[in-house]
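So for the sequence shown, our numbering puts the first residue at 3; every next one is plus one.
Note that the Cβ used here is the ideal one computed from N, Cα and C, for glycine as well.
Everything below concerns the one structure shown next.
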Amino acid sequence: MDALHTEDLIHAESVLYHHFFCYVKSMALSCAVHLGIPNAIYHRGGSATLSDLIAGTGLHASTLPCLKRLVNVLTISGIFTASNPPATGSSTTGSLSSREEVVYKLATMSRLLITGDDNKLCSMSPMLHFLVRPLTVTPFFGMHSWFKDEQAASKSFFEMAHGCDRWEMTSKNAEDNGVFNEAMVADSQLVMEIFLREAGGKSFSGISSLVNVGGGLGGASAAITRTFPHIKCTVLDLPHVVSQASSRCNGTVHFVAGDMFEFIPRADAVLLKILRLCKAAIPAREDGGKVIIIDCVTGSGPQDPVSKETHALYDLYMMYINGVERGENDWKKIFQEAGFSGYKIVPGLGIRSAIEVYP
């Protein structure tokens with residue numbers, strides 16, 4: 003093996019440490035949201051100093067030096083922005099007071115982490131709470147053992163870690179079920195808002211009824227009915243999910259308890275995140291029947307480094323429940339085997355795409 007240049011060694015070490023510490027970034031983001039830092043900045047008009055954050059979050063003044071380090075990580079990561087205030091006549095450039103008066107502002111990402119009814123954007127905080135917590139993270143510490151296990155194909159490393167599969171956990175653990183469902187609502191609302199802006203008008207043209215299979219607490223369906231009040235939306239999900247959902251959506255969405263593998267109510271369109279055999283539930287293509295899928299299509303959508311890495315990470319993440327992300331050819335094969343006549347991929351939803359599938 004050729005000897006490495008000193009500069010290459012130094013760079014390689016720095017990059018490796020960056021990978022080693024990536025989990026610290028996730029933990030820092032989770033910490034900031036739990037402390038209410040995005041909300042504190044938002045409620046001060048969108049900008050705040052560290053002293054403002056101490057007051058806005060109720061933290062003890064002694065934590066200010068550590069708070070500065072926490073916010074610094076998230077600023078370097080692009081969650082917040084930072085700027086020095088205009089110098090006053092009595093200020094000395096580089097003075098301690100000047101440095102302490104850095105003003106932090108919300109970036110687009112942190113605006114998506116604000117919670118509360120006064121937030122005009124869908125909050126992704128519930129998804130953060132779902133993904134960055136011991137129950138979700140612990141299985142990944144056993145990933146290497148899972149690869150070595152001869153029975154790996156028959157059970158996920160979530161099951162290896164917790165003794166049950168993902169769906170058993172949500173059905174028997176009320177706290178996990180609540181966290182999971184709130185995360186799905188948050189994700190669905192944001193994705194649906196983007197979808198309705200980009201392609202919803204065309205996709206829902208001519209549709210009078212729609213079934214959201216596995217639609218959880220109805221976040222996506224509620225967004226559809228707000229934009230298209232004439233569409234009758236029905237959510238089909240498991241009984242323990244529907245029992246929580248019935249009081250939501252102000253009566254604009256109808257909830258049906260059932261198993262998507264056994265029964266799907268008839269409708270003009272079927273919306274799901276992961277395709278199952280729904281062909282029998284919709285009318286013919288010439289009558290407007292279609293299945294709408296919102297999911298990742300690997301190789302589709304943005305090809306910038308961050309999006310490509312996020313796609314790859316999402317695919318690896320799905321392994322913890324033995325899930326997999328699919329490319330266009332994978333989806334095409336599924337559609338053909340299910341008896342559909344054609345499909346159309348509509349990119350523009352970030353790491354996900356909308357797929358219209360026709361009977």
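Count the other CB atoms, across all protein chains shown, that sit within 10 Å of the CB of Val-17; report buried if there are 16 or more and exposed otherwise. exposed
Between which residues of its own chain and Arg-328 is the CB-CB distance below 8 Å, once the five residues before and five after are set aside? Asp-297, Cys-298, Val-299, Thr-300 and Ile-336
Under three-state DSSP, which class holds Glu-177? helix
Same chain only: Cβ atoms within 6 Å of Asp-317, ignoring 5 sequence neighbours per side: Glu-327
Please determine if the segment 207-216 and the segment 226-233 are in contact, where contact requires at least 3 C-beta pairs separated by less than 8 Å. yes
Please state whether DSSP places Cys-235 in a helix, a strand or coil. strand
With respect to the beta strand (DSSP E) encompassing Val-104, which residues constitute its N-terminal and C-terminal limits? It is not in any beta strand (DSSP E) - Val-104 carries neither H nor E in the DSSP assignment.
Taking all protein chains shown into account, do 16 or more other C-beta atoms lie within 10 angstroms of the C-beta of Leu-6, making it buried, or fewer, making it exposed? exposed
Option in Ile-353, Ala-188 and Ile-347 with minimal Cα separation from Phe-132: Ala-188
Other residues of its chain near Glu-81: CB distance less than 7 Å, five sequence neighbours each side excluded: Note that residue 81 is Ile in the sequence shown here, rather than Glu. So the list reads Leu-31, Ala-109, Met-111 and Ser-112, once near-sequence residues are dropped.
Could you check which residue in Phe-149, Glu-311, Gly-218 and Leu-198 has the C-alpha nearest to that of Gly-350? Leu-198
Quick check on Ser-85: does DSSP put it in helix, strand or coil? strand
Take the Cβ of Pro-67 as the centre, count every other Cβ of all protein chains shown within 10 Å, and call the residue buried at 16 or more, exposed below. exposed
Would you tell me roughly how many angstroms separate the C-alpha atoms of Trp-169 and Asn-86, rounded to the nearest one? 49 Å
If we count the other Cβ atoms within 10 Å of its Cβ and call it buried at 16 or more, is Ile-192 buried or exposed? Residue identity differs from the one stated: residue 192 is Leu in this sequence, not Ile. With 16 or more other Cβ atoms within 10 Å, it is buried.
Can you tell me where the beta strand (DSSP E) holding Tyr-345 begins and where it ends? 344-351
Contact belief for Ile-2 with Ser-309 at Cβ below 8 Å, rounded distance in angstroms: Any answer about residue 2 is impossible in this case: the structure gives the chain only from 3 up to 361.
Short Cβ contact (8 Å threshold) for Ala-63 with Ala-50: no
If you measure between the beta carbons of Ile-295 and Val-215, is that distance less than 8 Å? no
Under DSSP, the alpha helix (DSSP H) around Phe-23 begins and ends at which residues? No alpha helix (DSSP H) holds Phe-23; DSSP gives it neither H nor E.
Can the beta-carbon of Val-244 be found less than 8 Å from the beta-carbon of Ala-224? no
Span of the alpha helix (DSSP H) holding Phe-149? 145-150
Just how far apart, CA to CA, sit His-13 and Pro-307? 19 Å
So Phe-159 packs on Met-145, CB below 8 Å; how close in whole Å? 6 Å
Which residue's Cα is closest to the Cα of Ala-185: Lys-174, Thr-138 and Ser-156? Thr-138
Express the C-alpha separation of Trp-148 and Phe-206 in angstroms, rounding to a whole number. 43 Å
Hey, is Ala-14's beta-carbon within less than 8 Å of any beta-carbon in chain B? No chain B appears in the structure shown, which is made up of a single protein chain.
What residue does the beta strand (DSSP E) around Ile-226 start on, and which one ends it? That residue, Ile-226, is in no beta strand (DSSP E); its alpha helix (DSSP H) goes 221-229.
To the nearest whole angstrom, what separates the beta carbons of Asp-239 and Gly-221, a pair I think is in contact under 8 Å? Going by Cβ atoms, the distance from Asp-239 to Gly-221 rounds to 12 Å, so no, they are not a contact pair.
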